[in-house]
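Visitor: Quick one: the structure is below, questions incoming.
4 protein chains.
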Amino acid sequence: MKLTAEQKGVVVIAPTPFLDDGSIDVPSIDRLADFYVQAGTTGITVLGQLGEAPKLAFDEAASVVARYISKAQGLPVVVGVSAPGFAAMAALSKQVMDLGAAGVMIAPPNTLRTDDQIVNYYRQASRAIGEDIPFIIQDYPLTFSVQMTPGVIRRIVSENPACVMLKHEDWPGLEKISTLRGFERDGSMRHISIMCGNNGLFLDFEMSRGADGANTGYCFPDMLCDVVRLYGEGKRDAAHDLFDAHLPLIRYEQQPGVGLAVRKYVLMRRGLLSSAALRQPAAPLTAQTREEVDYLLARLAKHDRRAAVAP
Amino acid sequence: MKLTAEQKGVVVIAPTPFLDDGSIDVPSIDRLADFYVQAGTTGITVLGQLGEAPKLAFDEAASVVARYISKAQGLPVVVGVSAPGFAAMAALSKQVMDLGAAGVMIAPPNTLRTDDQIVNYYRQASRAIGEDIPFIIQDYPLTFSVQMTPGVIRRIVSENPACVMLKHEDWPGLEKISTLRGFERDGSMRHISIMCGNNGLFLDFEMSRGADGANTGYCFPDMLCDVVRLYGEGKRDAAHDLFDAHLPLIRYEQQPGVGLAVRKYVLMRRGLLSSAALRQPAAPLTAQTREEVDYLLARLAKHDRRAAVAP
Amino acid sequence: MKLTAEQKGVVVIAPTPFLDDGSIDVPSIDRLADFYVQAGTTGITVLGQLGEAPKLAFDEAASVVARYISKAQGLPVVVGVSAPGFAAMAALSKQVMDLGAAGVMIAPPNTLRTDDQIVNYYRQASRAIGEDIPFIIQDYPLTFSVQMTPGVIRRIVSENPACVMLKHEDWPGLEKISTLRGFERDGSMRHISIMCGNNGLFLDFEMSRGADGANTGYCFPDMLCDVVRLYGEGKRDAAHDLFDAHLPLIRYEQQPGVGLAVRKYVLMRRGLLSSAALRQPAAPLTAQTREEVDYLLARLAKHDRRAAVAP
Amino acid sequence: MKLTAEQKGVVVIAPTPFLDDGSIDVPSIDRLADFYVQAGTTGITVLGQLGEAPKLAFDEAASVVARYISKAQGLPVVVGVSAPGFAAMAALSKQVMDLGAAGVMIAPPNTLRTDDQIVNYYRQASRAIGEDIPFIIQDYPLTFSVQMTPGVIRRIVSENPACVMLKHEDWPGLEKISTLRGFERDGSMRHISIMCGNNGLFLDFEMSRGADGANTGYCFPDMLCDVVRLYGEGKRDAAHDLFDAHLPLIRYEQQPGVGLAVRKYVLMRRGLLSSAALRQPAAPLTAQTREEVDYLLARLAKHDRRAAVAP
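Chains as they are written, first to last, in this note's numbering: chain A, 199 to 509; chain B, 199 to 509; chain C, 199 to 509; chain D, 199 to 509.
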C-alpha cells in the first residue's frame, strides 16, 4: 500500500528507541507500534529528523524500518531518506520500499538558495529514486535554511507526479496553507496532502486553514489524534480546549536540541519506552529540565488524565 | 539616570505608532507611555527590532525617542542603536544619550561567526560609542544568525565595564541562563541583569532559572509584570496559571513577520493605539488572521478580564 | 547627467582616502579624481563596499561624495546607498542626487532568500528612492549571500525602468553574462549595462562574453581601461597578455578583508594616496604582506612600467 | 603505512573517472595512478569534495578506493569520509583503512558555528572512527561556511593525537599559515603538516609562509610538484615564473561548480582520462567554456610544453 495525496489524520514521527547501553531497543519499537495503532494514528514516519537516523549504521537503520513495518498492522510507514547524494538516497529508497514502506520523505540540502535550485533538486531526486515511489516534501526552513514559497511548492507538485504530501513546518506557516489550498481551488495545483510538523505548535489553527492533519512526534500523539478528530466533527472550541491544555508542554518539547530528550523522557514516563536514552552526540537532560517537565506533566494531568503518569 | 546591572522587572519593547497615512502618531506614544507606567513596567525600549526603526528617517527616530523619554515619568528608556557601521552607531548613541536615554542596545551584525569576532565586535562597539554609555547585548540567534556561547558572553562582560544587561532570546535558552548564573556564583563573571525576550514564550521557566524579568513587547505587558511579581512572591503555580492562559496568544504573536502586525492590532483593540498600521514594507494582517486573534482574545477573556476588549 | 543603460568602459570604485590620524584626506581625493580622468575611466563609484562607507559619519559621507563630484570633470559619479531601511536609503539617495550624482548602487540585504523576496526588495527600493533615480543592482553573492538567477535579474529589469546597470560579481559568472545577453537577443529583456567587479579577476573573458566593461577598484584602473579598449579593438591576445601580467597581483588584491589594505598600499606607492591608512576596524597589513606585494610589483614592472614605483 | 604530521609535497586530489555512460572507468584510474607516481606526487586523496563521492553507491566508492590503493605503488592514499552521522563515518573509515588507506579527511558539517561546536565535533569524530586512524582537518569556509580560527585549530590538534594534517583552504589564508607556524615556534602547538588546497591559487606564497605543499587537484599536478620542489631548492623566482604561467588556468579551474568539469576536460585532453564525463547532477561544460579552456591551454603551451596537447 503506497502513500497517496489523500492521506489524513496523524502520521506520527517515531523515535528510535535505545537501551541505556546504546543498543537498539526492539521491545520498545513493538510497544510504540501497538500504541500508535491503538491511539488512532494513520501512519508512522521512521528515520525522520528526530529519529536519530544519522547515528545508526546502515544495517541498524534497515532493521528499525523493518521492525516498525512488521508491527504497524497495515498502517503506512514512511521513511526519511535524505542523503548527501542521490546514489545513497536511491539505494536507501529502494531498500525500504522493498521492505514494505509506503513512501519516503526528502528534506532539501541546506545549500539550496534560488527557486530553480529547489525545484531542480526535487526533480532530480524523484528521478533518482524512481518516479513510482511516493515522496513527501519536508518544508522546514528553521532547520534546513531553505525557503520554499508556495509557488515553488506548486512547481514541485506539478513537475513530479510522485509528490503526494507536504510536511508543513514553515514558520510562520498559516498563510502558506491558505495559499496552497487557494491554488487547488483556482485549479493551478492538483491536490496534495498537507500534514503539519513543528511539534504541532500551531495545529489548532492549521486544521482550520485546510491542513489534513499532523506529521509530528509530540509525546502525546493520542492528543493530536483527538484534535484532528474534533476538528473533523466541527468542534472547534473543544479542540482548542484540549490543545491549550497541552500547549505549555508542546512548546517546551519543541525546543531544538533538548526537545528530543524531553520527548523520549515523557514517552518513558508513559511506559512506552524502556529508556529515555539517546545515542551520542546528544543534548543532555539536566535535573532541572526533568523537574520542569515533571511539573508540566503534573499540571497537564489536571486537564488530561493521560498525563497522570506514575513518578 | 543610567541603566545598571541591577535592572529587574519588565522593560517593555515599545512599538512606534503610526496613523493610517503612515505619519507618526504622537498621541498614541503618550497613551502607551502612560499605560507602561501604570502597568508597573520598570523601563521602556525604543527603536528595538520590532520598533520599525529602519523605516524611520533620522529625524523621525530622534523625535520618537525624545517623546517617549519626555513621557516616561522617570522610567529608564533604552534605545536600539544597531547600525552597519560604528560611525553611525556612535552618532546615534550620543544623540539619544543627550536626549536622556538610560542606555543602548546593540545587536551583532549577522556576518559574525567565530567567538573572537563576536567578542571583538562588542569591544570595538563599546569603545566607539564611549565606555560611559551602558549597553545591552542582544542575543537573538534566530534572527541574527549569531551564536554566542555562555563563555563568549562572559568574555564580553569581563572586557566591557559598560555591559550591564543581556537581552536573552536564544532558543533553547533555559540552560544558558543557568550557566551564566553559575558563572556568577563561581566568581568567574560579575553580575549582569538578564532580561528575557522572545515575546515571553518561556518566561514562566526563565524566572526560576534566574532571569531578572522580561524585555519584550507582548501585547499584554501588564501580564508580564504580574508573572514577574508572582515569581518574586514565590507563587509559582499562580504565575503559571496566568501565563498559561496567555500562552496561545503569546505563541501566535511570536510568529516572525506577522507577529508585529498582531501585536499592534491587539494594542489597538485595547485602546492603546489609534491605528494598527505598520509602515511599508510590512506583512499584511489578513482577515483570517484577524479572526484568529479575535478568537484567541475571546478565549483569553474567560481567564483574564483585560482581554475582554470591545469588538 | 544621469547614468544610462548604455554605460561602457571602466567605472572605477574609488577608495575613501584617510590620513594617518583617520581624518579624510581631501588632497588625495583630488589627486585620485585627476588620475581617473587621465586614465580614461568613464565613471567613478563612491561609497561602495570598499569605500569604507560604514566608517563615515553622515556628514563625512556627504562631503566625500561632493568632493569627488566636484573634481570628476563631468564623469558620472555613482554612489552606494545600501542601508538597513528604505527611509535611510531614500534620504541618502535624494541627498547625493541633489549633489550631482549620476545614479545609485543598491546591494541586497543578506536576509533575502527566495526569488520573490529579491524581486520585491528592488521594486520597493526603487519606489522608495524615486523611480527617476537610475540604480545599479549589485550581484555579489560571495559577500551578500544572496543568489540572483538570470531570471530574477530579468524580472528586476522588467519591473523597474530605473534599473540601468548590473554590477556583475557572481562567481562563477561567465555563463550568467552569456545568459543575460541571450535574453536581450531573444527579446525577453531590454538592454542594460553589465559592468564587472570581483577586482577584475575574470575581466579577460567577461569582455568576450558580452560585458560592457569593469566596475571595480583594482589598484591599476589604467590597466583595466587598456584591457577594455584592446577588446574593443579586437585585440584579444594583446588584452590577455597585459591582463595575465597583472593577474598575480589582481588575485592577491582580491582577497577579502586584507584586499583593501593592499589596494590602498599600492595606490600610495603609486603616489596617488598620501597614506595607506584605513579607518578602524580594519585588517592590518603585516610586514610579510607588504613584502609580498612589493615582490609582485617588482615582477609586474618587468611587463608594465606603470608598476615600476619608487620604493 | 599511515599518514603522519611529517607529510610534505603534493598529495593530489584524484577525480573519479567515468565513461560517457556513467559507469566507473577503471583503466583511467590506473592511468591516473601511474601518472601521479611518475609526476612526483607524495600521496593521493580519493573521494574528496571533487571526487564526486556523493554520486557513488556504497560499493562503487569502496571499489574506487581499493583500485587507487592497489595502483598507488606505495604512495599513501587518503580518503574523504565526511558523512552526516558518526555511525556512517566510522563504518566508512574502518572499511577504507582495512583496504589499506593511510588516513581519512573530515570536513565539518555546515551547521557548526561556535568555537566549541567545532572543537567538539572533531573530538567526537576522532573517537567515533577510532583514535588510531590519522585524520586531516579540511578548513574550507567558502564551501562549508564553517570558520575556524587558528586558536580553534590549535585546540583540535591539542585534543586529538590522531590529527596529523590541515588541508588549508581558508581565504584569505596566508596569515593563518604564519600564525599556526608561530604557534609551533612558541611551543603552544605540536607540529602538523599543512597542505594547501583552493586549486593552488596561492601556492606561490603559501610555500614561503610555511606550508608543506599542496593537497589539491589542479589539472597539472606535475606543475604543483615543480613549484614545491623549486621552493625547496630556494628558487623563488623560478617557482613564481612557472606558477604565473599557469595562474590564468588555475584561476579558471577554481570556479565553483564548473571547475571540476574544466579539470576533467583538461585531464582528458592530456590523455589521462578517457572521457571528461561527470555523473549527474553536474554543471555542463558549454562550447564557449571549452573554447576558453583551449585558448588558455594554447597560451600556456608557450611557457610550459606539457600544455601542448593535441586538439
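For every residue, glycine included, the Cβ atom is placed at its ideal position computed from N, Cα and C.
(1) With distances taken Cα to Cα, identify the nearest neighbour of G510(C) among L217(C), I227(C), A203(C) and P282(C).
(2) Could you pull out every residue in the same chain whose Cβ sits closer than 7 Å to the Cβ of D200(B), ignoring the five residues on either side in sequence?
(3) Under a Cβ-count criterion, where at least 16 other Cβ atoms within 10 Å of its own Cβ denotes burial, should S291(D) be classed as buried or exposed?
(4) How would you call S391(A), buried or exposed, if buried means at least 16 neighbouring beta carbons within 10 angstroms?
(5) Along chain B, in chain order, which residues have C-beta atoms closer than 8 Å to that of T347(D)?
(6) Roughly how far, in whole angstroms, is the beta-carbon of G241(C) from the beta-carbon of V209(C), given that I think they are within contact range, below 8 Å?
(7) For C417(B), name the three-state secondary structure that DSSP assigns.
(8) Hey, would you say V244(C) sits closer than 7 Å to A212(C), going by beta carbons?
(9) Could you say which of R467(D), L465(D), R468(D) and V456(D) lies nearest to A480(D) if we only look at CA atoms?
(10) Output, in chain order, the set of chain B residues within a Cβ distance shorter than 8 Å of Q336(C).
(11) For R407(B), which option in L495(B), G380(B) and P225(B) has the closest C-alpha, if you only look at C-alpha atoms?
(12) State buried or exposed for R352(C), treating a residue as buried only when at least 16 other CB atoms are found within 10 Å of its CB.
(13) Looking only at its own chain, which residues have a Cβ that is under 6 Å from the Cβ of R467(C), when we skip the five neighbours before and after it?
(14) Can you give me the C-alpha to C-alpha distance between G238(B) and V425(B), rounded to a whole angstrom?
(15) Whole angstroms are fine: how far does the CA of K253(C) sit from the CA of P176(B)?
(16) Take A436(B) and list the residues in its own chain whose beta-carbon comes closer than 6 Å to its own, dropping the five residues that flank it on each side.
(17) Anything in chain D within Cβ reach of F256(A), meaning under 9 Å, just list it in chain order.
(18) With distance defined between alpha-carbon atoms, name the residue in E382(D), D439(D) and R388(D) nearest to L401(D).
(19) Along chain C, in chain order, which residues have C-beta atoms closer than 9 Å to that of Q322(B)?
(20) Which bits of chain B does E373(A) rub up against, with CB to CB less than 7 Å?
(21) Check whether the Cβ of A286(C) lies closer than 6 Å to any heavy atom of the ligand NAP, and answer yes or no.
(22) In chain order, what residues of the segment 412 to 423 of chain D put their CB closer than 9 Å to some CB of chain A?
(23) Below 7 Å CB to CB, which residues in the same chain sit around F342(B) once its five sequence neighbours on both sides are set aside?
(24) Distance cutoff 7 Å, beta carbons only. Does V426(D) sit that close to anything in chain C?
(25) Express the C-alpha separation of L422(B) and E367(B) in angstroms, rounding to a whole number.
(26) Check T312(C) in the structure and name its three-state DSSP category.
(27) Among the candidates V263(B), S473(B) and L378(B), whose CA atom is the shortest distance from the CA of S356(B)?
(28) Using 8 Å for Cβ pairs, my map puts K433(D) next to M393(D). What's the rounded Cβ distance?
(29) Hey, how far is the Cα of P359(A) from the Cα of P419(B)?
(30) What in chain A is Cβ-close to N308(D), meaning under 7 Å?
(31) Starting from the C-beta of K462(A), find all residues in its chain whose C-beta is less than 7 Å away, skip the five residues before and the five after it, and write them out in chain order.
(32) Let me check understanding here. Comparing Cα to Cα, which of D257(A), F284(A) and G298(A) lies closest to V277(A)?
(33) Considering only the alpha carbon of each residue, which of Q478(C), L483(C), A485(C) and G469(C) lies closest to R504(C)?
(34) DSSP three-state call for L470(B): helix, strand or coil?
(35) Do you know offhand how far F284(B)'s Cα is from A326(B)'s?
(36) Just the chain C side, please: which residues come within less than 9 Å of D442(D) by C-beta, in chain order?
Guide: According to the structure data:
(1) Residue numbering for chain C in the displayed model covers 199 to 509; residue 510(C) lies beyond these limits and cannot be assessed.
(2) Indexing the second sequence from 1 puts residue 200(B) at position 2. Sequence check: residue 200(B) is Lys here, not Asp. If we look at K200(B) and ignore the five residues flanking it on each side, its Cβ neighbours are A300, G301 and P332.
(3) Residue mapping note: residue 291(D) aligns to position 93 of the fourth sequence, counting from 1. When all chains shown are included, S291(D) counts as buried.
(4) Counting from one through the first sequence, the residue named residue 391(A) turns up at place 193. So S391(A) ends up on the buried side.
(5) Numbered from its first residue, the fourth sequence carries residue 347(D) at position 149. Under the 8 Å cutoff, chain B gives T312, D313 and D314.
(6) Taking the third sequence and counting its residues from 1, one reaches residue 241(C) at position 43. Taking the third sequence and counting its residues from 1, one reaches residue 209(C) at position 11. With 8 Å as the limit, G241(C) and V209(C) qualify as a contact, their Cβ atoms being about 4 Å apart.
(7) Looking up residue 417(B) in the second sequence gives position 219. Three-state DSSP puts C417(B) in coil, outside helix and strand.
(8) Within the third sequence, the letter at position 46 stands for residue 244(C). Within the third sequence, the letter at position 14 stands for residue 212(C). Going by C-beta atoms, V244(C) is nearer than 7 Å to A212(C).
(9) Working through the fourth sequence from its first residue, we reach residue 480(D) at position 282. By alpha-carbon distance to A480(D), the top candidate from R467(D), L465(D), R468(D) and V456(D) is V456(D).
(10) Within the third sequence, residue 336(C) is the residue found at index 138, counting from 1. Ordered by position in chain B, no residue passes the 8 Å Cβ test against Q336(C), which lies about 15 Å from the chain.
(11) Translated into positions along the second sequence, residue 407(B) becomes position 209. That would be G380(B), whose Cα lies nearest to the Cα of R407(B).
(12) Residue 352(C) sits at position 154 when you count from the first residue of the third sequence. With 16 or more other Cβ atoms within 10 Å, it is buried.
(13) Numbered from its first residue, the third sequence carries residue 467(C) at position 269. Within the same chain, R467(C) has close Cβ partners V507.
(14) Looking up residue 238(B) in the second sequence gives position 40. Looking up residue 425(B) in the second sequence gives position 227. Distance between the alpha carbons of G238(B) and V425(B): 12 Å.
(15) Coverage of chain B is limited to positions 199 through 509, which leaves residue 176(B) absent and any answer about it impossible.
(16) Within the second sequence, the letter at position 238 stands for residue 436(B). The residues are L428.
(17) The residue given as residue 256(A) occupies position 58 in the first sequence. Those are F256, A285, A286 and A289, listed as they occur along chain D.
(18) Translated into positions along the fourth sequence, residue 401(D) becomes position 203. L401(D) has its Cα closest to that of D439(D), out of E382(D), D439(D) and R388(D).
(19) For the purposes of this step, residue 322(B) is taken as residue 124 along the second sequence, with counting starting at 1. Chain C residues near Q322(B): Q478 and P479.
(20) One-based indexing of the first sequence puts residue 373(A) at position 175. By Cβ distance, chain B contributes T484.
(21) In terms of ligand content, the structure shown is empty, and the ligand NAP therefore cannot be addressed.
(22) From the segment 412 to 423 of chain D, no residue has a Cβ closer than 9 Å to chain A.
(23) Taking the first residue of the second sequence as position 1, residue 342(B) is located at position 144. Hits under 7 Å: A305, P306 and N308.
(24) By 1-based counting over the fourth sequence, the position of residue 426(D) is 228. Using a CB distance cut-off of 7 Å, V426(D) does not count as an interface residue toward chain C.
(25) In the second sequence, the residue the question calls residue 367(B) occupies position 169. In the second sequence, the residue the question calls residue 422(B) occupies position 224. For E367(B) and L422(B), the distance between alpha carbons rounds to 16 Å.
(26) Taking the first residue of the third sequence as position 1, residue 312(C) is located at position 114. Of the three classes helix, strand and coil, the one that applies to T312(C) here is coil, per DSSP.
(27) By 1-based counting over the second sequence, the position of residue 356(B) is 158. Selection V263(B), S473(B) and L378(B) evaluated against S356(B) yields L378(B) as nearest (Cα-Cα).
(28) Within the fourth sequence, residue 433(D) is the residue found at index 235, counting from 1. Within the fourth sequence, residue 393(D) is the residue found at index 195, counting from 1. Not a contact, Cβ separation roughly 21 Å.
(29) In the first sequence, residue 359(A) corresponds to position 161, counting from 1. In the second sequence, residue 419(B) corresponds to position 221, counting from 1. Going by the C-alpha atoms only, they are around 50 Å apart.
(30) Residue numbering aside, residue 308(D) sits at position 110 when the fourth sequence is read from its first letter. Chain A residues near N308(D): N308.
(31) Translated into positions along the first sequence, residue 462(A) becomes position 264. The residues are P213, L471, A474 and L476.
(32) Residue mapping note: residue 277(A) aligns to position 79 of the first sequence, counting from 1. Looking at the Cα atoms, G298(A) is the closest of the given residues.
(33) Within the third sequence, residue 504(C) is the residue found at index 306, counting from 1. For R504(C), the nearest C-alpha among the options comes from G469(C).
(34) Position 272 of the second sequence, counting from 1, holds the residue named residue 470(B). For L470(B), the three-state secondary structure derived from DSSP is coil.
(35) Along the second sequence, one-based indexing puts residue 284(B) at 86. Along the second sequence, one-based indexing puts residue 326(B) at 128. Roughly 6 Å separates the two Cα atoms.
(36) Counting from one through the fourth sequence, the residue named residue 442(D) turns up at place 244. Within chain C, the residues near D442(D) are D442, A443, L445, P446 and R497.
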